[in-house]
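Peer 1: Handing you a structure now.
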Amino acid sequence: MLSERRLEVLRAIVQDYVGTEEPVGSKALTERHRLGVSPATVRNDMAVLEEEGFIAQPHTSAGRIPTDKGYRLFVDKLAGVKPLSTPERRAIQNFLDGAVDLDDVVGRTVRLLAQLTRQVAVVQYPSLTRSTVRHVELLSLAPARLMLVLITDTGRVEQRLVDCPAPFGETSLADLRARLNSRVVGRRFADVPTLVQDLPESFETEDRATVSTVLATLLETLVEETEERLMIGGTANLTRFGHDFPLVIRPVLEALEEQVVLLKLLGEAKESGMTVRIGHENAHEGLNSTSVVSVGYGSGGEAVAKLGVVGPTRMDYPGTMGAVRAVARYVGQILAES
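Residue numbers (the numbering used here): 680 to 1017.
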């Protein structure tokens, strides 16, 4: 276990290196921070931190920089989440409040996160597998053609055309709409097949084939849309950190192009708490020089998806964590109110 003083020295090294981009020496530490000890004592503390793998000496520089292990200890023990200022919070709310639909919410969230953190922002669309039905609308387009509109609790809207085996009157359509909604509204998508399986039998014989066709289309929509979707923005921000990537930036950019990699990075939506993965904690080799800060968002206190940022390990962790958490909270409020 490190002493409190050595933890303070590590905190100071992380803060200075993140702020200056320069390896940190003992003289600079004692000048910039009130550590209450001599440079010789700080040098001794730095030697212990280096021996234990929390800091390292890059090339021939006299200074030291944090390692992945050092950043991990900083995040776990030393970094509080930096609260956003009142103007920042107001700006987030104003920017997100103007959204007109779910695509717009996700698009605005990506742009906002990228601007706030000046890193790469990744936002996962709310998954239908974790959603509930808000409403099913059925519209007549022709005597034997309908449009089915599925609206979820997260504001997602799916539309499908239904070609019916026979003409279907307005009275029957209204009846089906009412009975269908009475069974599925407020229920999870996973429960819908069981809830509607006996619905055709409650209709007149001549309407049963059409009711079955409508239900088949509804269930296909649920299955089709289980595919996860993501939006990414701010990739150009990485070019500002060229010297933070020890080899070249290409492996990072290639990894960011792979949706499966990004979904794994964000982690399971059910892990709604803040997650920080640092350097080699990221399983994908191309992202070993990056850190990922992610958190779940959703309405009613339940996470339906994740959002986060990807940047170099030399990251302002308190500020980034604060921004990610604040944006997730506002997006959750918008979904709850939509």
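Even for Gly, the Cβ is constructed at its ideal location relative to N, Cα and C.
Since we're looking at a predicted model, the values are computed, not measured.
Could you spell out the range, first to last residue, of the alpha helix (DSSP H) harbouring Tyr996?
Peer 2: Segment 996 to 1016, the alpha helix (DSSP H) holding Tyr996.
Peer 1: Do Gln798 and Gly990 come within 8 Å of each other at the CB atom, strictly closer than that value?
Peer 2: Taking 8 Å as the Cβ cut-off, Gly990 and Gln798 qualify as a contacting pair.
Peer 1: Hey, could you find the ends of the beta strand (DSSP E) Lys985 is sitting in?
Peer 2: Start and end: 984 to 991.
Peer 1: Measure the Cβ-Cβ separation of Thr896 and Val815 and say whether it is below 8 Å.
Peer 2: No, Cβ-Cβ distance for Thr896 and Val815 is not below 8 Å.
Peer 1: Following the continuous beta strand (DSSP E) through Glu816, name the residue where it begins and the one where it ends.
Peer 2: Start and end: 812 to 821.
Peer 1: Alpha carbon to alpha carbon, what distance is there between Thr746 and Asp942?
Peer 2: Note that residue 942 corresponds to Leu in the displayed sequence, not to Asp. For Leu942 and Thr746, the distance between alpha carbons rounds to 26 Å.
Peer 1: Using 8 Å as the threshold, is the C-beta distance between Thr889 and Pro844 below it?
Peer 2: For Thr889 and Pro844, yes; Cβs fall inside 8 Å.
Peer 1: Which residues in the same chain have their Cβ closer than 8 Å to the Cβ of Val1003, if we skip the five residues on either side of it in sequence?
Peer 2: Counting only Cβ-Cβ distances below 8 Å, and skipping sequence neighbours, we find Leu792, Thr796, Met953, Val972, Ser973, Val974, Leu986, Gly987, Val988.
Peer 1: Measuring CB atoms only, is the segment 713 to 724 touching the segment 954 to 973, in the sense that at least three cross pairs come out at less than 8 Å?
Peer 2: The answer is no - the segment 954 to 973 does not touch the segment 713 to 724, with fewer than three Cβ pairs under 8 Å.
Peer 1: Closest to Val1010 by CA distance: which of Pro997, His738, Thr833, Glu899 is it?
Peer 2: Here the closest residue by C-alpha is Thr833.
Peer 1: Buried or exposed: Pro737, going by 16 or more other Cβ atoms within 10 Å of its Cβ?
Peer 2: With fewer than 16 Cβ atoms within 10 Å of its Cβ, Pro737 is classed as exposed.
Peer 1: What does the Cβ neighbour count give for Gln694, buried or exposed, with the cut at 16 atoms within 10 Å?
Peer 2: By the 10 Å Cβ count, Gln694 comes out buried.
Peer 1: Would you call the segment 845 to 852 and the segment 877 to 889 in contact, with 3 or more CB pairs under 8 Å?
Peer 2: Output reads yes: the segment 877 to 889 touches the segment 845 to 852.
Peer 1: Indicate the three-state DSSP secondary structure (helix, strand or coil) for Pro872 in the structure shown.
Peer 2: In this structure, Pro872 counts as helix in the three-state DSSP scheme.
Peer 1: If you run the structure through DSSP and keep just helix, strand and coil, what is Leu763?
Peer 2: If DSSP states are grouped into helix, strand and coil, Leu763 belongs with coil.
Peer 1: In three-state terms, what does DSSP make of Ala853?
Peer 2: It is helical.
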